[in-house]
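Here the structure comes first, spelled out in structure tokens, and everything after it is commentary.
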């Protein structure tokens, strides 16, 4: 039974959304524990609203985002499918849904489906979010298949779209780092060295623009550790671990902690 009178779904949803926004503000202020408590409250009321039949797109999308932040991807998928089947979904809502749903699919291990989904969003328009998300997915796909042609072309397009966006620069750095690893595995030391240098340059540029970007800090720490610069590497990985790891971040907190232990071990 809801503690709210009237329409329980809407009232619980409104309360959840306010808690969600307050939690985000606390997170931005660096108050991690307070933010988590507020997000816990939001999840509680989102769940109540959802069970009561909540069908407001904005609230459902926000619920899905918060579920993904807690690694509850199967539940997030269920929520996003409720949005998908809602009649009269606007073009903008469908665009946002495809972006979020693609991330959910990726986290569920369905990379090819994730790519197909976000490509449908990209067919409507290409935003920074589309460029960074699809750019990353294509690099991950290339890492699996060994074919980097599409990842190279798309990330070049993203770079042309905005060569001063830290996330796009980070993706280009990740692309070159992945290509360096492929070249090293293929026994091409010269190409591996050249690609690695490009990666480091792009990560450095990204870091100057956005010093707290977790992936950039992690990759710089990884490269510095490989170069034997453990003190500098430790500074970068410690800074990464001070951040909040989002659902779109390809680096997990566990991976960052493992790198820290390797650096400081």
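Numbering (the working numbering), first residue to last: 268 to 532.
The beta carbon of each residue, even a glycine, is placed where N, CA and C say it ideally should be.
As the structure is a prediction and not an experimental result, all values here were calculated from the model.
With respect to the 7 Å criterion, residue 528 and residue 482 are not classified as neighbours on the basis of their beta carbons.
In the three-state scheme derived from DSSP, where H, G and I count as helix and E and B as strand, residue 518 is classed as coil. For residue 407, the closest alpha carbon among the candidates 421, 398 and 445 is that of 445. If you draw a straight line from the Cα of residue 516 to the Cα of residue 380, it is about 18 Å long. Rounded to the nearest whole angstrom, the CA to CA distance from residue 357 to residue 347 is 15 Å.
For the set 352, 390 and 354, the Cα lying nearest the Cα of residue 366 is the one of 390.
Here DSSP, grouped into helix, strand and coil, assigns residue 477 to coil. Here residue 411 carries a helix assignment [DSSP, helix/strand/coil].
By alpha-carbon distance to residue 362, the top candidate from 376, 303, 324 and 334 is 324. Spanning the alpha carbons of residue 370 and residue 443 requires a straight line of approximately 22 Å.
Here residue 305 is buried: its Cβ has 16 or more other Cβ atoms, across all protein chains shown, within 10 Å. Taking 8 Å as the upper bound for CB-CB distance, residue 303 and residue 340 are not in contact here, some 19 Å apart. Here the alpha carbon of residue 431 sits roughly 23 Å from the alpha carbon of residue 388.
For residue 428, the enclosing alpha helix (DSSP H) covers residues 416-428.
Annotated as distal: residue 382 and residue 400, with beta-carbon spacing of 7 Å or more. If you draw a straight line from the Cα of residue 460 to the Cα of residue 434, it is about 23 Å long. Remark: C-beta atoms of residue 276 and residue 316 approach each other more closely than 7 Å.
Counting other Cβ atoms within 10 Å of its Cβ, residue 288 stays below 16 and is therefore classed as exposed. If you draw a straight line from the Cα of residue 486 to the Cα of residue 368, it comes to about 26 Å. By the Cβ rule, the region 445-455 does not count as touching the region 489-497, because fewer than three pairs are nearer than 8 Å. The criterion of a C-beta distance shorter than 7 Å is not satisfied by residue 526 and residue 506. Under the three-state reduction of DSSP output, residue 297 falls in the coil class, being neither helix nor strand. Separation of residue 429 and residue 421 (C-alpha to C-alpha, rounded to the nearest whole angstrom) is 13 Å.
Comparing alpha carbon positions, the residue from 496, 504, 290 and 332 closest to residue 478 is 504. Scanning its chain for C-beta atoms nearer than 6 Å, with the 5 sequence neighbours on each side dropped, one finds around residue 326 the residues 280 and 284, in chain order. In the DSSP assignment, residue 363 falls within the unbroken alpha helix (DSSP H) covering 358-374. A distance below 7 Å between beta-carbons, with the five flanking residues on each side excluded, links residue 290 to the following residues of its chain, in chain order: 302, 305, 306 and 309.
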